[in-house]
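Read through the structure below, which is laid out as structure tokens, and then see the notes.
2 protein chains.
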Amino acid sequence: MKRKDLISQIKRKKSFLCIGLDTDINKIPKFLLDLEDPIFEFNKKIIDATNSYCVAYKPNIAFYESEGLNGWKALEKTIKYINSNFPEIFTIADAKRGDIGNTSSMYAKAYFDTLNFDSITINPYMGKDSVEPFLDYKNKHTILLALTSNLGAFDFQTKNVDKTSHQFYYEVIKTSTNWKNSSQLMYVVGATKASYLREIRNIIPNNFLLIPGIGAQGGDLKDVCKNGMNNDVGLLVNSSRSIIFASTGSDFDLISAKKAQEIQSQMENILSSRGLV
Amino acid sequence: MKRKDLISQIKRKKSFLCIGLDTDINKIPKFLLDLEDPIFEFNKKIIDATNSYCVAYKPNIAFYESEGLNGWKALEKTIKYINSNFPEIFTIADAKRGDIGNTSSMYAKAYFDTLNFDSITINPYMGKDSVEPFLDYKNKHTILLALTSNLGAFDFQTKNVDKTSHQFYYEVIKTSTNWKNSSQLMYVVGATKASYLREIRNIIPNNFLLIPGIGAQGGDLKDVCKNGMNNDVGLLVNSSRSIIFASTGSDFDLISAKKAQEIQSQMENILSSRGLV
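As structure tokens, this is what we get:
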């Protein structure tokens, strides 16, 4: 998907919500467990109910891998279902991959060719040659971990580099802007770290940011938008558990849709107040 | 597997060779492509031919994911085959995973429970809470990326931290020694960075190191052993492409075995000269 098509979708739906499909088989409604493929059936219901309120879905690959072959089948069916029925939706493989060049090429093949996701999250620790195989794909997007939403982000990402006052996550972002096709980079910045966003926008005013941590993890939407939004909106704000596991009743999909609509409505207010829609 | 059983195996086989199963369907002998599961059949032949010369196999997960469902099936069959037929072999999922706690728990379930690997490679960028779910498993081993074998290692891993003369990879190792069950940690240090090993051994004299980069990537075995070996051997030296793709002929497995035996023989000499066998 082209960047401009993502922006069009955001303006049309008045939403920059990404819904995380962290489909934990132990948390989905029990009555689905009798079906042949409960994980896919859950995802399908959630997607059917919420797609008009969000612009992106982000399957979290760990939840599929943990179920082995059945999980992988459910992942394949889920991405095919989205691509076939809602081609305007931006898809994110939340995989946090990254390895030496010949191996990263294989991950790129897995997620961009075989599964046909629009984007993938990538860990920057192994540097340029571990990321560039993903950047080789045209109209695909590489979402680099910068400052993550968890407590462990403070273990290494916020250490100062050399004798500068720059922190490590800042060095990652700054360095990556020199890589080829760096306009295809997006960055993960946790909503729980909203105060860092202003500084980040100084280095990368234009790139999209994927913001996890709204909802279950406690981040605040207004703070994120105040510090991180740009003239193209430039944000994809993710919520997973607080939407998809809002209910385990027979109408779980409708409750999820209601939660998604509430966030979309807050997003619409913010976009309106900034004259972006 | 317990650490002491790994050490016993090393001493019995006079080898600390790990063979990387980076099974690229485009590089395996063409006559295998007619079989129902060429990736598994290739692995089986390689394992049958080489298991007496090595102590560990390391499937590189990217090569399986890139083939989708068929790749995942081949991975499942490969690990089952090793565990059933060669239970003394140490198995490494070269996955380079790592995510927020609830997601890392799912990856741990995938590789330690569902697939039953002995160990997994983990990226430290997201810090303590992204690694600890793996350390919760008894008799399973978490192999943390420290200093990788690729050129991109110099992008971030070797930056100095704060005003110290410590580099980032050093900070990762030092910090991780304070995590719970840190005796179950092993570390990846590229053979192409052998000169760093002496300094690394000062912080972690006892932990095993997984050393990629011998062979196709150009690292030197003697340098690695001189600087990295300890009294328990403490090294697993990996070779992938230069062993498994040594030939594409009908006797490819025997040629691979010959390559593996050559390395085992060099290892035996080193172990003997140090009085370790």
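Keeping their order, the protein sequence lines are chains Z and E. Just so you know, we're using my numbering here: the first sequence kicks off at 47 and counts up by one. Just so you know, we're using my numbering here: the second sequence kicks off at 47 and counts up by one. We treat Cβ as the ideally placed atom computed from N, Cα and C, and that holds for glycine.
With a 10 Å radius around its C-beta and 16 neighbouring C-beta atoms as the bar for buried, classify residue i as buried or exposed.
{"i": "T294/E", "result": "exposed"}
{"i": "E134/E", "result": "exposed"}
{"i": "G321/Z", "result": "exposed"}
{"i": "E82/E", "result": "exposed"}
{"i": "S296/Z", "result": "exposed"}
{"i": "S319/E", "result": "exposed"}
{"i": "S176/E", "result": "buried"}
{"i": "K268/Z", "result": "exposed"}
{"i": "R143/Z", "result": "buried"}
{"i": "E111/E", "result": "buried"}
{"i": "N185/Z", "result": "exposed"}
{"i": "K48/E", "result": "exposed"}
{"i": "S229/E", "result": "exposed"}
{"i": "K91/Z", "result": "buried"}
{"i": "S286/E", "result": "buried"}
Since residue i and residue j are thought to touch, with beta carbons under 8 Å apart, how far apart are those beta carbons, to the nearest angstrom?
{"i": "I246/E", "j": "A192/E", "result": "7 Å"}
{"i": "N169/Z", "j": "N169/E", "result": "5 Å"}
{"i": "G236/E", "j": "M172/Z", "result": "G236/E to M172/Z, Cβ: 10 Å. No contact."}
Measure the alpha-carbon distance for residue i versus residue j and round it to whole angstroms.
{"i": "N273/E", "j": "S130/Z", "result": "55 Å"}
{"i": "E122/Z", "j": "A108/Z", "result": "14 Å"}
{"i": "I265/E", "j": "N284/E", "result": "Here residue 265/E turns out to be Gly, not Ile, going by the sequence shown. So the two alpha carbons sit approximately 10 Å from each other."}
{"i": "I327/E", "j": "N196/Z", "result": "There is simply no residue 327/E to check, as chain E begins at 47 and stops at 323 in what is shown."}
{"i": "V101/E", "j": "Q310/E", "result": "10 Å"}
{"i": "Q203/Z", "j": "C271/E", "result": "32 Å"}
{"i": "L282/Z", "j": "N315/E", "result": "57 Å"}
{"i": "V207/Z", "j": "T210/E", "result": "10 Å"}
{"i": "S98/Z", "j": "A306/Z", "result": "9 Å"}
{"i": "P105/Z", "j": "N89/Z", "result": "9 Å"}
{"i": "Y103/Z", "j": "N227/Z", "result": "24 Å"}
{"i": "N252/Z", "j": "I249/E", "result": "42 Å"}
{"i": "G66/E", "j": "T137/E", "result": "10 Å"}
{"i": "V279/E", "j": "G114/E", "result": "38 Å"}
{"i": "T160/Z", "j": "V234/Z", "result": "24 Å"}
{"i": "V323/E", "j": "L317/E", "result": "6 Å"}
{"i": "M275/E", "j": "I93/E", "result": "26 Å"}
{"i": "D182/E", "j": "N277/Z", "result": "45 Å"}
{"i": "I189/E", "j": "F291/Z", "result": "33 Å"}
{"i": "S54/E", "j": "Q312/E", "result": "19 Å"}
{"i": "F254/E", "j": "D51/Z", "result": "49 Å"}
Leaving out five residues on either side along the sequence, give the residues of the same chain with a beta carbon under 6 Å from the beta carbon of residue i.
{"i": "I166/E", "result": "A139, A141, Y157"}
{"i": "D70/E", "result": "F109"}
{"i": "Q223/Z", "result": "It should be noted that the sequence gives Thr, not Gln, for residue 223/Z. None."}
{"i": "K57/Z", "result": "V323"}
Which same chain residues end up closer than 7 Å to residue i when comparing Cβ atoms and leaving out the 5 residues on each side of it in sequence?
{"i": "A95/Z", "result": "D299, L300, S302, A303"}
{"i": "K174/E", "result": "W225"}
{"i": "P179/Z", "result": "G147, S150, S151, A154"}
{"i": "N162/E", "result": "I125, N129"}
{"i": "K220/E", "result": "I249"}
Tell me which same chain residues have a C-beta within less than 8 Å of the C-beta of residue i, skipping the five on either side of it?
{"i": "K119/E", "result": "D83, F86"}
{"i": "G205/Z", "result": "With the sequence shown as reference, residue 205/Z is identified as Lys, and Gly is not the correct amino acid for it. For K205/Z, where only same-chain residues beyond five positions count, the Cβ hits under 8 Å are Q213, F214."}
### Query
Does the pairing of the stretch 52 to 63 of chain E with the stretch 73 to 87 of chain Z give three or more beta-carbon distances under 8 Å?
Counting C-beta pairs closer than 8 Å gives fewer than three between the stretch 52 to 63 of chain E and the stretch 73 to 87 of chain Z, which falls short of the contact rule.
### Query
Do the stretch 249 to 260 of chain E and the stretch 239 to 255 of chain Z meet, that is, are 3 or more Cβ pairs less than 8 Å apart?
Fewer than three Cβ pairs drawn from the stretch 249 to 260 of chain E and the stretch 239 to 255 of chain Z lie within less than 8 Å of each other, which leaves the two stretches out of contact.
### Task
Taking only beta carbons into account, state which residues of the stretch 214 to 247 of chain Z come closer than 8 Å to chain C, listed in chain order.
Absence of chain C from the displayed structure is noted, the protein chains being Z and E.
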